[in-house]
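Worksheet for the structure shown next.
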Amino acid sequence: MQKITFPKDFIWGCAASAYQVEGAWNEAGKGPSIWDTFVHKPGNIVDNQTADVTVDHYHRYKEDIGLMKQLGLDAYRFSTSWSRVMPEGTGAVNKAGLDFYDRLVDELLKQKIEPYICLMHFDLPQALQDKGGWINRDTANAFAEYASVMAEHLSDRVKIWMTHNEPWVAAMAGHFSGEHAPGLTNPMDAFKALHHIFLSHGLADEALRASAKQPVKVGITLNLNPVHPASESKRDRDATRRMDTALNRLQLDPFLKGTSPMQEFAIGKILNKSFVKAGDFEKMHRLDLLGINYYTRTVTKYDRKFPVVSAVQIQPEGNEYSGMWEIYPEGIFEVLTRVWKDYFPSPPTGTEVRAPEIMITENGVPVPDGLDFDGRVRDERRIRYLSNHLIQVHLAMEAGVPVKGYFHWSLMDNFEWALGYGPRFGLIYVDYQTLERTIKDSGYWFAKVIQDNGFEF
Ligand code: FCB
């Protein structure tokens, strides 16, 4: 038996997002988001499911916070729905929308759970999409306006603000592969959208700090994957370098260096000229907090036909798969140590970018859970997943990476975007007919880890 113990002030949390859990999609003055539009178009989501109701967190938030309390969470990372607060994306503020977030934050604080707000988790107001969405540079200014409204209203109580969740996914799945809203399929637009989302982080960062009622921490959450070659051939290794640039450096360099590797791609040279303005990247590199979402690695093979990177992802043999991804716990260690070594190799001398606090803001696994005859959910696989990943997080900390916290994805089973209600990611099981919640075995296991601030294995 070995035992690992985390530092006393390590933050244990769970994550969720507005569109995936709230429901109440058109209630109390909420405007539609691009996800409302997308799910209502037949063919976009498995079995044409929607998140109109999903797990009804909008009405059941008190019960849910009670469950968080039962798990012993220090923090809850959730996103706010922009179109619930500003139905048109700019201008008029919907008081009833803000009231919901007031109630949520107050209840969390009452239960001594720290709210971590994320302002954007894929659900852009449809009214802004109608004007071009993230392809339109003005959307970045609108995002800053929304950030100020939220800070004006909630920063007396909320100290930690994340601007975006996974800009890379929002840009690429939404504008290149078309699997996510708004369902577009143009690589040029995807790069443009990504740049404007990044820019909007910088503008929102200024807006949040200017409107905040107390000193706040501002950060962003990025999805990072280690990229490995499918073989030792030079073609695969070169393809891997390009894939790594496209997946990881494209996201990290702007925030941690104030530069972009986009120029390294032929397409980047054209794009750069068309939408990058002087000073854009300088606005981005002031992170107090870097959130990392880790799920899997990307094994890469050369493929001339695939645009931009001339590389594709393959599914290697040898490891367990979750139904969505290869399960690869060592990857979380690799991602953490890579960020630290590549971007903060030595203590700052005063000129470099200061290192942000680093946290795992999402990590989890879909398991086809169900209630057993006795009402328990025996999700051994999730416990194994969690413990193997936490061991790797701890190893990264021993290797010198100052990881401040770990947020599990997700608190409850919920709507998994284009895959609908198939994948269950929760520590809490939700019966989608009755909406009854049941803490799974993994939830009890996690609660014990939190209580002991570590575990034996
Ligand atoms: C991440 C998303 C989150 C959830 C998990 C499984 O990419 O941020 O909303 O869908 O994947």
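First residue of the sequence shown? That's 7 in the numbering used here, and the numbers climb one at a time after it. Here a beta-carbon is modelled for each residue, glycine too, at the ideal position from N, C-alpha and C.
When you compare the CB positions of S161 and F84, do they come within less than 8 Å of one another, or not? Reading the sequence shown from its first residue, position 155 is the one you call residue 161. Reading the sequence shown from its first residue, position 78 is the one you call residue 84. Cβ distance not < 8 Å, so S161 and F84 don't count as in contact.
Taking buried to mean at least 16 other C-beta atoms within 10 Å of its own C-beta, is P372 buried or exposed? Counting from one through the sequence shown, the residue named residue 372 turns up at place 366. That one is buried.
Best match in Q319, D447, S393, A424 for proximity to M418 [C-alpha to C-alpha]: Within the sequence shown, residue 418 is the residue found at index 412, counting from 1. Of the candidates Q319, D447, S393, A424, the one whose C-alpha sits nearest the C-alpha of M418 is D447.
Under 8 Å by Cβ, that's how I've got K75 and Q117 pegged, so tell me the actual separation to the nearest angstrom. Translated into the one-based positions of the sequence shown, residue 75 becomes position 69. Translated into the one-based positions of the sequence shown, residue 117 becomes position 111. At roughly 5 Å, the Cβ-Cβ gap stays under 8 Å, so K75 and Q117 are in contact.
Short Cβ contact (8 Å threshold) for V222 with L214: On the sequence shown, residue 222 is found 216 positions in, with the first residue counted as 1. On the sequence shown, residue 214 is found 208 positions in, with the first residue counted as 1. Closer than 8 Å, so yes.
Less than 7 Å between the CB of N147 and some heavy atom of the ligand FCB, yes or no? Here the question's residue 147 lines up with position 141 in the sequence shown. Not so, every heavy atom of the ligand FCB lies at least 7 Å from the Cβ.
Going by C-alpha distance, which of I434, W18, D244, H63 is nearest E33? Working through the sequence shown from its first residue, we reach residue 33 at position 27. Nearest option by C-alpha distance: H63.
The ligand FCB heavy atom lying under 7 Å from the CB of S87: Here residue 87 refers to the residue found at position 81 of the sequence shown. No, the ligand FCB has no heavy atom inside 7 Å of this Cβ.
Can you tell me which of the three DSSP states K223 falls into? For the purposes of this step, residue 223 is taken as residue 217 along the sequence shown, with counting starting at 1. Note: K223 maps to strand in three-state DSSP.
For R241, which of G285, S280, R310, P260 has the nearest alpha-carbon? Numbered from 1 along the sequence shown, position 235 holds the residue referred to as residue 241. Comparing Cα positions, the closest option is R310.
Which same chain residues end up closer than 6 Å to W88 when comparing Cβ atoms and leaving out the 5 residues on each side of it in sequence? Within the sequence shown, residue 88 is the residue found at index 82, counting from 1. Same-chain partners within the cutoff: P131, Y152.
Beta-carbon gap between H202 and V282 smaller than 8 Å: Counted from its first residue, the sequence shown places residue 202 at position 196. Counted from its first residue, the sequence shown places residue 282 at position 276. No, the Cβ-Cβ distance between H202 and V282 is not below 8 Å.
Would you tell me roughly how many angstroms separate the C-alpha atoms of G381 and L433, rounded to the nearest one? What you label residue 381 is simply residue 375 of the sequence shown in a count that begins at 1. What you label residue 433 is simply residue 427 of the sequence shown in a count that begins at 1. Using only the alpha carbons, I get a separation of about 15 Å.
Give me the Cα-Cα distance between F379 and D129, rounded to the nearest whole angstrom. As a working mapping, residue 379 is identified with position 373 in the sequence shown. As a working mapping, residue 129 is identified with position 123 in the sequence shown. Roughly 38 Å separates the two Cα atoms.
Can you list, in chain order, the stretches of the beta strand (DSSP E) that have 3 or more residues and sit fully within the region 265-338? 295-299, 304-308, 317-320
Using only the alpha-carbon positions, how far apart do I51 and P351 sit? Here the question's residue 51 lines up with position 45 in the sequence shown. Here the question's residue 351 lines up with position 345 in the sequence shown. Answer to the nearest angstrom: the Cα atoms are 44 Å apart.
Who does N171 pair with in a DSSP beta bridge? Indexing the sequence shown from 1 puts residue 171 at position 165. Beta-bridge pairing links N171 to T227.
Considering only DSSP beta bridges, list what Y82 is partnered with. What you label residue 82 is simply residue 76 of the sequence shown in a count that begins at 1. Per DSSP, C20, P121.
Given a cut-off of 8 Å, decide if L205 and A272 are closer than it, judged by their beta-carbon atoms. If you number the sequence shown from 1, residue 272 lands on position 266. If you number the sequence shown from 1, residue 205 lands on position 199. Not a contact, by the Cβ cut-off of 8 Å.
Expected contact under 8 Å - CB spacing of F149 and A210 to nearest Å: Position 143 of the sequence shown, counted from the start, is the residue given in the question as residue 149. Position 204 of the sequence shown, counted from the start, is the residue given in the question as residue 210. At roughly 5 Å, the Cβ-Cβ gap stays under 8 Å, so F149 and A210 are in contact.
My output table needs one value for T343: the three-state DSSP class, helix, strand or coil. Here residue 343 corresponds to residue number 337 of the sequence shown, with the count starting at 1. In the structure shown, T343 sits in a helix (DSSP, three-state: H, G or I).
Rounded to whole angstroms, what is the Cα-Cα separation between N171 and L73? Position 165 of the sequence shown, counted from the first residue, corresponds to residue 171. Position 67 of the sequence shown, counted from the first residue, corresponds to residue 73. Those two C-alpha atoms are separated by around 24 Å.
By the 10 Å Cβ neighbour count, where 16 or more other Cβ atoms means buried, how is P93 classified, buried or exposed? Mapped onto the sequence shown, residue 93 falls at position 87. By the neighbour-count rule (16 or more Cβ atoms within 10 Å), P93 is buried.
Flag this pair as yes or no: are the beta carbons of I298 and V341 separated by less than 8 Å? What you label residue 298 is simply residue 292 of the sequence shown in a count that begins at 1. What you label residue 341 is simply residue 335 of the sequence shown in a count that begins at 1. In this structure, V341 lies closer than 8 Å to I298 by Cβ.
Drop a sphere of 10 angstroms on the beta-carbon of F463, count the other beta-carbons inside from all chains shown, and report buried for 16 or more, exposed for fewer. Stepping through the sequence shown from its first residue, residue 463 is reached at position 457. By the neighbour-count rule (16 or more Cβ atoms within 10 Å), F463 is not buried but exposed.
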